[in-house]
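Below you'll find the structure, written out as C-alpha cells, and then a few comments.
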Amino acid sequence: MRRRQWDTTLYELAEAQAGYFTAAQARAAGLHQVRLAQLNRRGDIERVTRGVYRLTRYPISPLGQYMEAALWPQVRRPDAQGVISHESALAIYGLSDASPASVHVTLPVEFRIRRAVPKRLALHYADLKPTDVQKVEGVPVTTAARAIRDAHAGHLGAALIRQAINDGRRTGHLTLDQAEQLEQELLGTKPRRQNRRTKSIRGDAG
1 MRRRQWDTTL
11 YELAEAQAGY
21 FTAAQARAAG
31 LHQVRLAQLN
41 RRGDIERVTR
51 GVYRLTRYPI
61 SPLGQYMEAA
71 LWPQVRRPDA
81 QGVISHESAL
91 AIYGLSDASP
101 ASVHVTLPVE
111 FRIRRAVPKR
121 LALHYADLKP
131 TDVQKVEGVP
141 VTTAARAIRD
151 AHAGHLGAAL
161 IRQAINDGRR
171 TGHLTLDQAE
181 QLEQELLGTK
191 PRRQNRRTKS
201 IRGDAG
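The opening position of the sequence shown corresponds to residue 1 in this note's numbering, with each subsequent residue numbered one higher.
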C-alpha cells in the first residue's frame, strides 16, 4: 500500500531517532501543528511530553526515555542538541552499577533554559567535541571515556568509577590505553603495563 505523505514524512523523521520527533521538526518538514493534533487524536502518533511525539507504529525502543530527554531541549531551540551524559551514559553502555534517578543531559554552554525543566532531567552545560559524542540506536550519547570523566567530576564514588573503567575495558567500550589513562588520571593508579615491566625487571635482576 502506498504511504500517505504525512506517514512518509514522520517515519523519515522518526527512523533516525528511535521513533521520536519534535513538533518543530515536523513543522520544518511541512506538517502543521493542527495536523499533529489530528494524528494524535487518531492514535497515529502519541505525545510523550510537550513538543515531543512518538510514531506509534514504530517499534518501542528500550532507549526511548533517553531519546525523549535528548530531544526535549530542541522543542524551543531546534539547533540545540541534547546529549545523554554522565551516569545516564554509563547506564546505556552498561558500565558499573550506577543507577541515576534522573536522566543526565549535556547542553551547549551558551544554551539557557527559560522554561520549567522536568524533574526527571538533570542538565549540564559543556561544549562537547564531535569526538566526545556517538549515536547508540539513534540516541546521542557521550563516549564511554567522556561519560566516566563527567561522572567522576560529578562526584560519583571511586568504587563505581573503578567498576565503570573495568567494565569498559572488558566490553570494549574503552581501549586498554584509555582504561589505563582513566585509572591513572581519576584514581591515581599506576599503569598496569608499567607495573608488569617493573616486576619483570626485578625478576630478571634476581
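Glycine is no exception: its CB is placed at the ideal position from the N, C-alpha and C atoms. This structure is a prediction, so every number in the text was calculated from the model and none was measured.
Using the rule of at least 16 other Cβ atoms within 10 Å of the residue's Cβ for burial, across every protein chain shown, is residue i buried or exposed?
i	result
aspartate 127	exposed
threonine 22	buried
glutamine 33	exposed
glycine 82	buried
glutamine 5	exposed
tyrosine 93	buried
valine 52	buried
isoleucine 60	exposed
aspartate 150	buried
threonine 175	exposed
threonine 143	buried
valine 219	In the structure as shown, the chain starts at 1 and stops at 206, and residue 219 therefore has no counterpart that could be examined.
valine 117	exposed
valine 109	exposed
tyrosine 20	buried
glutamate 180	buried
leucine 39	buried
alanine 16	exposed
Mind checking if residue i is an interface residue toward chain B, Cβ cutoff 9 Å exclusive?
i	result
aspartate 97	Structure shown: chain B not included; a single protein chain is present.
Any idea what DSSP makes of residue i, helix, strand or coil?
i	result
glutamate 46	strand
valine 139	strand
alanine 37	helix
valine 84	Note that residue 84 is isoleucine in the sequence shown, not valine. Isoleucine 84 falls in the strand class under three-state DSSP.
threonine 22	strand
arginine 115	coil
leucine 10	helix
leucine 187	helix
threonine 171	helix
proline 73	helix
isoleucine 60	coil
histidine 152	helix
alanine 16	coil
leucine 176	helix
threonine 198	For threonine 198, the pLDDT reaches just 48, beneath the cut-off of 50, and the residue's location in the model is therefore unreliable, although a value from the coordinates is still provided. Note: threonine 198 maps to helix in three-state DSSP.
alanine 98	coil
leucine 31	coil
Taking the DSSP output, what are the residues bridged to residue i?
i	result
threonine 106	Val83, His124
glutamine 134	Val141
valine 52	Thr22, Thr49
So residue i and residue j are in contact, right, with Cβ under 8 Å, and what is the actual spacing, rounded?
i	j	result
alanine 159	alanine 89	Going by Cβ atoms, the distance from alanine 159 to alanine 89 rounds to 18 Å, so no, they are not a contact pair.
methionine 67	alanine 18	4 Å
leucine 107	leucine 121	In fact, because the Cβ distance is near 10 Å, the residues do not count as touching under 8 Å.
alanine 98	isoleucine 84	Actually they are not in contact, since the Cβ atoms of alanine 98 and isoleucine 84 sit about 13 Å apart, beyond 8 Å.
histidine 86	glycine 154	6 Å
leucine 74	alanine 37	The sequence shown places glutamine at residue 74, not leucine. About 19 Å separates the two Cβ atoms, so there is no contact after all.
glutamate 137	leucine 63	5 Å
alanine 26	tyrosine 58	In fact, because the Cβ distance is near 14 Å, the residues do not count as touching under 8 Å.
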